[in-house]
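Residue numbers (my numbering): 434 to 1101.
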């Protein structure tokens, strides 16, 4: 049974517009209700054939204006209803309030476009495999691990999604208005034999053409198009994504392959074989960058990879309203907080890269004072010059690196992914080190390289505050922990495995540590904890190791300006079911919107305030039934249900939150 069939009110999934300036979620049930005057009975009688004089036309009532939105959460599913734990479950509501004192409440539900592995329309009268993998020549990559069952690989891990509207869109088959969704597929978990295939396949990105019904707001898939990645050397583990202010999809390549060791690893050799047909052809310096996808009016797309934004574990960057400043998390142990300031607006192909150094006192207590930071200038470059360096240099050309203490003061001691290392830059190789060995060079320059899995970033423009998710707060962030160094100025007294969301104050007029002005009005200057999870002393009855009524291991985050709401998707090893949350930054109310199938991860989050008068919350999930130790109490019950729902655990959903009206009062 599909997610749609299981969602509340699924049989009535159409949409409803709200009047005035209200947000307009695509809703279910009756499309419109209108206020009515008197009916056929009553009133004054007139003689036959005598037409009464027309009554004066009443002055039109002003449309009620949107004031606020409030999400009311659902309870976490339990084994009292195993089916709810084994699929996308939604039991939350949205209450919209207007300036005349009235309100309307809607019941939320989930609408998938497809499950990966489905055959979907290619826009040419044929079908194409959703989430399917192709090589550098755009030919299908075949899973031949089980003789006689050969098939094209497809992903069980859709991730970053951007919803895009173009004024000149023109795609055959669209009856309403064309809306495009760019969806990237991070990896696939295993082959047919059951072997781990993480990181061994080139991540595809697809452009979906969606038909937006102008009466209901419903989105229907018309065309699925794979973007040609040959010019980008293929893509490496694309995770979170964001929509640029100029309407392009900003992708990611996380966990960049270590150029000092990659050539000898089974994973990188398998990746190279799948992409190029040759285990030795892939170049590690081509990966760990930021791809940007531009959608064309015909529903196709093109990519260019930016090599000048730091070679780090990119995950869901956020470009500020100036169209130039990008802040970037680093999904890595011993990661940093990075910023890129482009030379020109709407052009990420040249600019200056910075990394943060924190003052002492970093805290994850929401009641604690904010911690100040300064910015270290790592260098300026163009994408073209760094790609040229990547094409020609090897790791040994750029830095001397060792994992044994050389007892030489010209080397800098550092931790990379929790492991001790020492490094020094070779003469004249500073630019290459800054942009191709960014983690090592940031350590050399004295950055605070202590974060554990800093994931998505987003911005609250009105308040001039940015937010970053820390999936975990442990190890290198904790005094004495694995990979910890006092030199980083981050020394928490104890770990918080459940993680949290940090808030960064933004300002202009800043200078870097060399005293040079930073050409941006959107520079993070202070960091404080916004909202954090809670580790449990012992697992609860389901196996949760962190409180299921608080966030656990936040990953994707997106902010809605209109709703004043921070949406938080979990990638949790502490919740048996991961959740999608809404956190109102004014009222501080946290509401659980949706429960992801057990063992899955909430991904693809994108809050869209308005496209053609409608509001959308995009949401995917990954790898349902990826059982770990915390699932020991539920796995036996849920595994057969998850396998039935999601193609023996090989498939996952791409879709969005829709809604059904509980009480409709539109004429105010």
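The beta-carbon is built from N, C-alpha and C at its ideal position, and this holds for glycine as well.
Quick one: what's residue i bridged to in DSSP?
| i | result |
| --- | --- |
| residue 898 | 893 and 938 |
| residue 737 | 725 |
| residue 991 | 1000 |
| residue 959 | 805 and 938 |
| residue 505 | 526 |
| residue 943 | DSSP output for residue 943 lists no bridge partner at all. |
| residue 790 | 807 |
| residue 747 | Note: residue 747 sits in no beta bridge, so no partner. |
| residue 596 | 614 |
| residue 964 | 934 |
| residue 1013 | 1002 and 1027 |
| residue 830 | DSSP, once it has assigned bridges, lists no residue as partnering residue 830. |
| residue 815 | 783 |
| residue 847 | 854 |
| residue 950 | 944 |
| residue 1102 | What the structure shows of the chain is the stretch from 434 to 1101, and residue 1102 is not part of that stretch, so it cannot be assessed. |
| residue 884 | 768 |
| residue 1087 | 547 and 1053 |
| residue 1076 | Answer is none; residue 1076 lacks a bridge partner. |
Is the beta carbon of residue j closer than 8 Å to that of residue i?
| i | j | result |
| --- | --- | --- |
| residue 851 | residue 766 | yes |
| residue 875 | residue 788 | yes |
| residue 925 | residue 906 | yes |
| residue 903 | residue 886 | yes |
| residue 725 | residue 739 | yes |
| residue 646 | residue 618 | no |
| residue 806 | residue 958 | yes |
| residue 910 | residue 868 | no |
| residue 634 | residue 586 | yes |
| residue 721 | residue 686 | yes |
| residue 1045 | residue 608 | no |
| residue 656 | residue 732 | yes |
| residue 964 | residue 990 | no |
| residue 878 | residue 781 | no |
| residue 562 | residue 1092 | no |
| residue 757 | residue 901 | no |
| residue 931 | residue 1017 | no |
| residue 511 | residue 1028 | no |
| residue 1039 | residue 684 | no |
Does the beta-carbon of residue i have 16 or more other beta-carbons within 10 angstroms, so that it is buried, or is it exposed?
| i | result |
| --- | --- |
| residue 575 | exposed |
| residue 955 | buried |
| residue 552 | exposed |
| residue 463 | Note that residue 463 has pLDDT 28, beneath the 50 cutoff, so the model's placement of it is unreliable and the number below is only indicative. So residue 463 counts as exposed. |
| residue 537 | buried |
| residue 627 | exposed |
| residue 469 | Residue placement at residue 469 is poorly supported in this model, since its pLDDT is 27, which falls under 50; the coordinates still yield a value, given next. Result: exposed. |
| residue 474 | Its pLDDT being 33, under 50, residue 474 is placed unreliably in this model, and the value from its coordinates should be taken loosely. Burial call: exposed. |
| residue 792 | exposed |
| residue 483 | Residue confidence for residue 483 is low, a pLDDT of 32 falling below 50, so the modelled location carries little weight; the figure read from the coordinates is stated next. Classification for residue 483: exposed. |
| residue 912 | exposed |
| residue 816 | buried |
| residue 840 | exposed |
| residue 820 | buried |
| residue 894 | exposed |
| residue 998 | buried |
| residue 583 | exposed |
| residue 1053 | buried |
| residue 794 | exposed |
| residue 434 | With a pLDDT of 40 at residue 434, under the threshold of 50, the modelled position of that residue is not reliable, and the figure given next carries that caveat. Result: exposed. |
| residue 825 | exposed |
| residue 943 | buried |
| residue 973 | exposed |
| residue 629 | exposed |
Using 8 Å for Cβ pairs, my map puts residue i next to residue j. What's the rounded Cβ distance?
| i | j | result |
| --- | --- | --- |
| residue 1033 | residue 1055 | 6 Å |
| residue 938 | residue 803 | 7 Å |
| residue 639 | residue 659 | 6 Å |
| residue 968 | residue 979 | 5 Å |
| residue 1077 | residue 975 | At roughly 21 Å, the Cβ-Cβ gap does not stay under 8 Å, so residue 1077 and residue 975 are not in contact. |
| residue 769 | residue 763 | 5 Å |
Do residue i and the ligand MN come close, with the Cβ less than 7 Å from some heavy atom?
| i | result |
| --- | --- |
| residue 558 | As far as ligands go, the structure on display features none, and thus does not contain the ligand MN. |
Runs of beta strand (DSSP E) wholly within the region 1016-1056 (minimum 3 residues, chain order) = 1023-1028, 1034-1044 and 1047-1055
Give, in chain order, every unbroken run of the beta strand (DSSP E) that is at least 3 residues long and sits entirely within the region 625-708.
-> 638-645 and 652-659
Contained alpha helix (DSSP H) runs [length at least 4] in the region 544-592, N- to C-terminal order | none
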